[in-house]
Amino acid sequence: MNLLSQFVQNIKANGLFTKTDKLLIAVSGGVDSVVLCDLCFHAGFNFEIAHCNFQLRGEDSEADEKFVIELASKYKVKHHVVKFDTEKYTAENKQNIQLAARNLRYTWFNDILSNDTSITNILTAHHADDNLETILMNFFKGTGINGLKGIQSNHAGIGGKIVRPLLFANKSELVDYAQSNNCQWREDVSNESDKYTRNFFRNQIIPLIENVIPEAKTNVQKNIKRFNEISVIYDNAISNIKLKLLEFKGDEIHIPVLKLLKHDAIETILFEIIKSYNFTSSQLNDAVHLLHADSGKFILSNSHRILKNRNWLIISPNETQDESVFIIESDTKIVHFGSNIITIENTSSTQFSNDSDIALLDLKNVQFPLLLRKWKQGDYFYPLGMLKKKKLSRFFIDIKLSLLEKENIWVIESNKKIIWVVGKRIDNRFKITDATESVLKLNLVSSK
Numbered sequence: 000m001n002l003l004s005q006f007v008q009n010i011k012a013n014g015l016f017t018k019t020d021k022l023l024i025a026v027s028g029g030v031d032s033v034v035l036c037d038l039c040f041h042a043g044f045n046f047e048i049a050h051c052n053f054q055l056r057g058e059d060s061e062a063d064e065k066f067v068i069e070l071a072s073k074y075k076v077k078h079h080v081v082k083f084d085t086e087k088y089t090a091e092n093k094q095n096i097q098l099a100a101r102n103l104r105y106t107w108f109n110d111i112l113s114n115d116t117s118i119t120n121i122l123t124a125h126h127a128d129d130n131l132e133t134i135l136m137n138f139f140k141g142t143g144i145n146g147l148k149g150i151q152s153n154h155a156g157i158g159g160k161i162v163r164p165l166l167f168a169n170k171s172e173l174v175d176y177a178q179s180n181n182c183q184w185r186e187d188v189s190n191e192s193d194k195y196t197r198n199f200f201r202n203q204i205i206p207l208i209e210n211v212i213p214e215a216k217t218n219v220q221k222n223i224k225r226f227n228e229i230s231v232i233y234d235n236a237i238s239n240i241k242l243k244l245l246e247f248k249g250d251e252i253h254i255p256v257l258k259l260l261k262h263d264a265i266e267t268i269l270f271e272i273i274k275s276y277n278f279t280s281s282q283l284n285d286a287v288h289l290l291h292a293d294s295g296k297f298i299l300s301n302s303h304r305i306l307k308n309r310n311w312l313i314i315s316p317n318e319t320q321d322e323s324v325f326i327i328e329s330d331t332k333i334v335h336f337g338s339n340i341i342t343i344e345n346t347s348s349t350q351f352s353n354d355s356d357i358a359l360l361d362l363k364n365v366q367f368p369l370l371l372r373k374w375k376q377g378d379y380f381y382p383l384g385m386l387k388k389k390k391l392s393r394f395f396i397d398i399k400l401s402l403l404e405k406e407n408i409w410v411i412e413s414n415k416k417i418i419w420v421v422g423k424r425i426d427n428r429f430k431i432t433d434a435t436e437s438v439l440k441l442n443l444v445s446s447k
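Residue numbers (numbering that gives the first Met the number 0): 0 to 447.
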């Protein structure tokens, strides 16, 4: 069966698109995308061409653009061309060239789709060799079993409209087709450079493997379907474990350590949980060590933290420590801090309240201005009902606060004395008594 017949059969078998669809083919000018255009043309599909000029190779980039425009003219189809100042974008966004080019390309594709809603799919010319390279890179990066699925024919990007109809074909088959059908294409000399990871695998690693196992490419290609089916079973198993294991409390995820330790595949399960929060495979050992670590130990990703708290691992978003100090003057009526509010009023009522969010203080013992701040190590006060001072750290243990709860504790102090551990306990030295004439009433209110 020739390549064109295989191409059509692959599209039908996988339901990728039909002749009633309007396709946009991403064309670099290389042999892969040129062959994709030619196959779509001879198969009778309706398509347009899109080309990105990243302006990274001087005159070669301009020649590529001209070639693609001429290619569109050959097939009598509409073309879309854009120029990017990729180096400037890379510097401004602190990304490598490959990531920057990818972001620019897919953002532009999305813009085209927004302006022309009749386009049903974007086609890219990824082929079987690309898939092999991707799988090998994923394996060595430690992406887990899902990385072995390789490139998918249908991609979730841009609303699931990206389709890769050449994954069944090897590079050599595409080149043979191009030569047999007198297709012209542009060679990108950067493909010969091993400074890019994919090129290094393509030019160095894979040829070495084929010297030992000549059928390596074929074997991997046959295994891709098996890897995808295994992944489905694996994902279902992991989902069931997560459902039974994880407890969600607000924006925190709580993992019971003892329950996790009962599983046989502890590292695998833990990795599948934490990777969703930007933890990498290189941090897995650190995460495993937390299972047996003392309370208070933690590790960080760029967005989250995993904290060991007694018999729990707690995953929570990273938050910048708020070092703000709020001044409360004698005429202050309300103060906003974090996601909370404290209202302040003077009253003559000495009726006691059991509400821990309300502090009733003998005004004659209070000296303004007051300071509202986060608690810190070394802080102490005289808890209501006690005549001896106690460090806040000890007080928090007594009332069984978690480490995360401790981090969000604020205090109000007067003349360097803590008068209220906000929302928890007032200082005994400032309590109201039968002799109290004026009361300072502080009321904590959540603004959420």
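Beta carbons are placed, not taken as given, at the ideal position from N, Cα and C, and that holds for glycine.
Each residue's CA atom was taken as its position, placing leucine 290 and arginine 304 some 14 Å apart. Segment contact: the segment 404-413 against the segment 367-379, three or more CB-CB distances shorter than 8 Å; contact assigned.
Annotation for phenylalanine 336: the continuous beta strand (DSSP E) segment containing it runs 333-336.
Proximity to glycine 384 across Leu403, Gly143, Glu132 and Lys430 peaks at Lys430, based on C-alpha coordinates.
Partner residues in the beta bridge of isoleucine 254, as assigned by DSSP, are Leu312. For proline 255, the closest alpha carbon among the candidates Gly249, Ile265, Ala264 and Leu244 is that of Leu244. From the listed residues Leu35, Ser315 and Thr342, the smallest Cα separation to isoleucine 327 is found for Thr342. Membership of threonine 106 in the alpha helix (DSSP H) is indicated by the continuous run 96-114. If only uninterrupted alpha helix (DSSP H) runs of at least 4 residues are considered, those enclosed by the segment 17-62 are 30-42. Secondary structure of asparagine 153 (DSSP, three-state): strand. The criterion of a C-beta distance shorter than 7 Å is satisfied by alanine 124 and aspartate 31.
With contacts defined as CB atoms closer than 7 Å, leucine 2 and tyrosine 176 qualify as a contacting pair. For the segment 190-227, the full-length alpha helix (DSSP H) segments reaching 4 residues or more read 196-199 and 205-211 along the chain. Collapsing the DSSP output to three states places alanine 358 in a strand. Here asparagine 95 is not near serine 230, since their CB atoms are 7 Å or more apart. Counting other Cβ atoms within 10 Å of its Cβ, asparagine 130 reaches 16 or more and is therefore classed as buried. The alpha carbon of isoleucine 68 has as its nearest neighbour, out of Asp397, Asn239, Asp59 and His50, the alpha carbon of His50. DSSP, reduced to helix, strand and coil, places tyrosine 176 within a helical segment of the structure shown. One thing to note: alanine 168 has its Cβ within 7 Å of the Cβ of alanine 127. The segment 224-242 makes contact with the segment 267-275; the number of CB pairs closer than 8 Å reaches 3 or more. If you look at glutamate 246, you'll find it in the beta strand (DSSP E) that goes 246-248. About 6 Å separates the beta carbon of asparagine 339 from that of leucine 443, a gap short enough to meet the 8 Å contact definition.
For proline 316, same chain residues with a beta-carbon under 7 Å away, outside a window of 5 residues either side, are Asp250, Ser302 and His303 in chain order. Using a C-beta cut-off of 8 Å, the segment 36-49 makes no contact with the segment 189-197, since fewer than three inter-stretch Cβ pairs fall below that distance. In this structure asparagine 310 is exposed. Its beta-carbon is surrounded by fewer than 16 other beta-carbon atoms within 10 angstroms. Per the coordinates, the alpha-carbon of glutamate 228 lies some 15 Å from the alpha-carbon of isoleucine 134.
As computed with DSSP, glutamate 412 is found in a beta bridge with Leu370 and Ile417.
Non-local beta-carbon contacts of threonine 85 in its own chain, meaning distances under 7 Å to residues more than five positions away in sequence, involve Phe53, Gln54, Leu55, Ile96, Ala99, Ala100 and Leu103 in chain order.
Rounded to whole angstroms, the gap between the alpha carbons of isoleucine 252 and threonine 346 is 43 Å.
Isoleucine 121 places its beta carbon 7 Å or farther from that of leucine 15.
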